[in-house]
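Structure record follows, encoded as structure tokens.
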Amino acid sequence: MCGIIGYAGTRNAVPVITEGLKKLEYRGYDSAGIAVFGENGFEVVKQKGRLSALEERLKGNAISGNVGIGHTRWATHGEPSDVNSHPHVGSQSKIAVVHNGTIENYRRLKERLEQKGVRFASQTDSEVIAQLAEYYYDGNLMDTVVKVSGALEGSYALGIMCLDEPDSLVAVKKDNSLIVGVSEHGNFIASDVPAVLKHTNKVCYLNDKEIAVLTKDGVSFFNFDKEPLPKEIETVSWSFDSAEKGGYPHFMLKEIMEQPRVLKDTVRSVLSGGGNKSVIDNLDISGFDKIVITACGSAYNAGVVARYVFERLCRMSVEVELASEFRYKDAIIGDKTLVVLVSQSGETADTIAAMREAKSKGAATLSIINVVGSTISKEADYCLFTAAGPEIAVATTKAFSAQLVLLYALAVRFAVKLGKLPPEKEIALMAELETLPEKAKIILGHTDFIQKYASECVVYKSIFFIGRNIDYAIALEGSLKLKEISYIHSEAYAGGELKHGTISLIEEDTLVVAISNCGRLFGKIMSNAEQVMSRGAKVLLIGCCPEADSASYGGKLSYIGLPEISELFSPSLSVVVLQLFSYYVAANKGLDIDKPRNLAKSVTVE
Ligand code: G6P
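Residue numbers are given in our numbering: position 260 of the sequence shown equals residue 1302, and the series is strictly consecutive.
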């Protein structure tokens, strides 16, 4: 996790770097720090806590310089503290480093350096990089970076400055993302594109074992043999405004509200010509006998929803695996398996490992990714891009919705290719997908009841989510969303499972959110609702349930109706209500919604 940024240009690097770090805080927010070349060598300010704490420190500490590096941390080795914050400077004060990743052999390296008299200041794995670089440095920073990289085991994206080469900044990466941005006033490195969007949309994605050397005048790229590399500078379509709050109190609310646009763009990407359409058209599903969907967090939940859709439409068996489990289970897959990787960032360590495991076993890999240029998007055999734009809030909303839509479209197209769906049914389903943006807009235009209801839910210690079939799948996401941002204990259950244990947890004033879009199962979910209401729980029923009669339950049952939609696509509407519900519960608790405690958006460590 962690976010890094570096700048070499004509402007004062301090505000450029702190502004950029704001866009990377989603990657970690235990501490932040900055180093620039000042008149008397490195000037380093680092501070435990949020970036705002660093900004406060910087107010009373007027450092400046044209070349600098910055970091926002999600602690792995060593507690969040000032000394464990980055940048780390070697004990000779010659080399400063910011690091995203994990150095697995840092203890061994540290011991060796300590035996040679090097004194370490922090408990981090990252400090070993600065100390080792000083140990190897013999007048050429690029040579040093090659030597250091050869000694490191693990993952890293690094920004490195050397006192003897004050006009430049060197970057290198392995298994963690790093982009280079070029602008008229200077050049950047960053963990992710939004960090540089204020200055440029011209970027280049660094590959593993590539080195970038930045000065104010340009960027040069080299391999580990120090041979120059031709790299292409791309223009990204994301705008600076898309990574701003735009008047909303939180990114999460802004991103929830953006969903009609995201759904529309994503549906369009599979219907009209373009990358996604041609990938889907060219994928020959008939060569596969099994689909395995693997992902983490909400992306995994999107996979659970998709399994119901694929199985129903394609009549093909689909497995859904947590990537962290899949990578170690010696999966039974081969060249007749299509492994689908779902990831907003395209950088989640477990999902990357799952992809590599699948490839090593001969499976074909198809990824569904939001961040162009990310590791999974580049390494998977096929890639579909969600048109969500930059997602900043740690808890995903719009990227999840875009993943669902791509998975639906994929299932429909595969079903046609497999001869399981007549063309007229395909046209009808695709036309229904096109109605999703308008239907989501209707929900987003009527949030009053959800807001009021959510404000009364802050008192609950536990909130359960239940559903059956595809409603159960989306209940998983509702529950995850609520617990990650509101810190209220929550679990999701298949309605039929309640009586096998969970019902013992139901008592007076427990809330159960029941989702019901499977008309044929309405009676079943209502009998689950009655079972919990008769034991004192309150129930919030969400769905398209024309038969719902909330008045007859003496205030115990509340109902939020959804626009009519076919069962298979209904999770896309249920989830909008579930996201709003979680958001307003957390907002009423006054929590830091965009940066929930202990979480980070891009989980690049195991
Ligand atoms: C973190 C985020 C989640 C996300 C998950 C997987 O836990 O907070 O919102 O679903 O990682 O991330 P990915 O980038 O692979 O979708």
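Positions of the beta carbon are idealized from the N, C-alpha and C atoms, including for glycine.
Small disclaimer: the values here were computed from a predicted structure and weren't measured.
If I measure Cβ to Cβ from residue i and keep anything under 6 Å in the same chain, skipping five residues before and after, which residues do I get?
| i | result |
| --- | --- |
| Cys1246 | Val1222, Lys1273 and Ile1275 |
| Ser1569 | none |
| Ile1649 | The displayed coordinates of the chain run from 1043 to 1648. Any statement about residue 1649 would go beyond what the structure contains. |
| Arg1349 | Val1360 and Val1362 |
| Asp1209 | Thr1257 |
| Arg1092 | Tyr1071 |
From the DSSP output, in three-state form, read off residue i for me.
| i | result |
| --- | --- |
| Gly1107 | coil |
| Gln1173 | helix |
| Gln1157 | helix |
| Ser1234 | The residue asked about is misnamed: residue 1234 is Asp in this sequence, not Ser. Note: Asp1234 maps to coil in three-state DSSP. |
| Gly1201 | strand |
| Leu1547 | helix |
| Ser1504 | strand |
| Ile1059 | helix |
| Gly1260 | strand |
| Ile1485 | helix |
| Leu1295 | helix |
| Ser1328 | helix |
| Cys1246 | strand |
| His1542 | helix |
| Lys1064 | helix |
| Tyr1049 | strand |
| Ser1301 | According to the sequence as given, residue 1301 is Gln; it is not Ser. In the structure shown, Gln1301 sits in a helix (DSSP, three-state: H, G or I). |
| Gln1493 | helix |
| Asp1185 | helix |
| Gln1573 | helix |
| Thr1277 | strand |
| Ser1532 | strand |
| Ser1385 | strand |
| Asp1392 | helix |
Within 10 angstroms of the Cβ of residue i, are there 16 or more other Cβ atoms? Answer buried if so, exposed if not.
| i | result |
| --- | --- |
| Phe1368 | buried |
| Ile1059 | buried |
| Val1501 | exposed |
| Pro1270 | exposed |
| Gln1301 | buried |
| Gly1107 | buried |
| Ile1484 | exposed |
What's the C-alpha gap between residue i and residue j?
| i | j | result |
| --- | --- | --- |
| Val1278 | Gly1431 | 10 Å |
| Gly1260 | Lys1216 | 23 Å |
| Ser1532 | Ser1340 | 15 Å |
| Lys1637 | Lys1523 | 13 Å |
| Pro1588 | Thr1439 | 27 Å |
| Lys1064 | Glu1606 | 40 Å |
| Ser1402 | Ser1612 | 36 Å |
| His1113 | Ser1320 | 39 Å |
| Asp1167 | Asn1318 | 40 Å |
| Tyr1595 | Ala1556 | 15 Å |
| Met1472 | Val1312 | 10 Å |
| Asn1082 | Leu1622 | 52 Å |
| Ile1322 | Phe1427 | 11 Å |
| Lys1566 | Ser1644 | 38 Å |
| Thr1052 | Lys1467 | 60 Å |
| Leu1610 | Val1413 | 27 Å |
| Leu1200 | Asn1265 | 15 Å |
| Gln1445 | Glu1121 | 35 Å |
| Val1056 | Ile1105 | 7 Å |
| Val1212 | Gln1157 | 28 Å |
| Val1187 | Val1214 | 8 Å |
| Val1647 | Thr1417 | 14 Å |
| Leu1641 | Leu1066 | 13 Å |
| Ile1492 | Lys1481 | 16 Å |
| Ile1411 | Arg1161 | 43 Å |
| Asn1147 | Ile1530 | 38 Å |
| Leu1239 | His1141 | 21 Å |
In chain order, what residues of the same chain have a beta carbon less than 7 Å from the beta carbon of residue i, not counting five sequence neighbours either side?
| i | result |
| --- | --- |
| Val1125 | Ala1163 and Ser1164 |
| Ala1400 | Ile1375, Val1381 and Thr1407 |
| Lys1292 | This sequence places His at residue 1292; Lys is not what is there. For His1292, where only same-chain residues beyond five positions count, the Cβ hits under 7 Å are Ala1435, Ile1635 and Asp1636. |
| Lys1296 | Lys1287, Gly1288 and Tyr1290 |
| Val1346 | Val1362, Ala1515 and Leu1518 |
The ligand GTP and residue i: does any heavy atom of the ligand fall closer than 7 Å to the residue's C-beta?
| i | result |
| --- | --- |
| Gln1573 | Here the bound small molecules are the ligand G6P; the ligand GTP is not part of this structure. |
Enumerate in chain order the residues of its own chain whose CB-to-CB distance from residue i is below 8 Å, with the five nearest sequence positions on each side excluded.
| i | result |
| --- | --- |
| Val1334 | Val1360, Glu1361, Val1362, Glu1363, Phe1368, Ala1373, Ile1375, Thr1379, Leu1380, Val1381, Val1382, Ala1400 and Ala1405 |
| Val1086 | Gly1075, Ile1076, Ala1077, Pro1129, Val1131 and Ala1138 |
| Glu1207 | Leu1183 |
| Val1581 | Leu1553, Val1554, Val1555, Ala1556, Ala1571, Val1574, Met1575, Tyr1595, Lys1598, Leu1599 and Ser1600 |
>> Which runs of the beta strand (DSSP E) at least 3 residues long sit entirely within the region 1589-1637? Give them in chain order.
In response: When DSSP assignments are scanned along the region 1589-1637, the uninterrupted stretches of beta strand (DSSP E) that are 3 or more residues long and fall wholly within it turn out to be 1599-1603.
>> At 4 residues or longer, what runs of the alpha helix (DSSP H) sit wholly inside the region 1394-1444?
In response: Whole alpha helix (DSSP H) segments, 4+ residues: 1417-1421.
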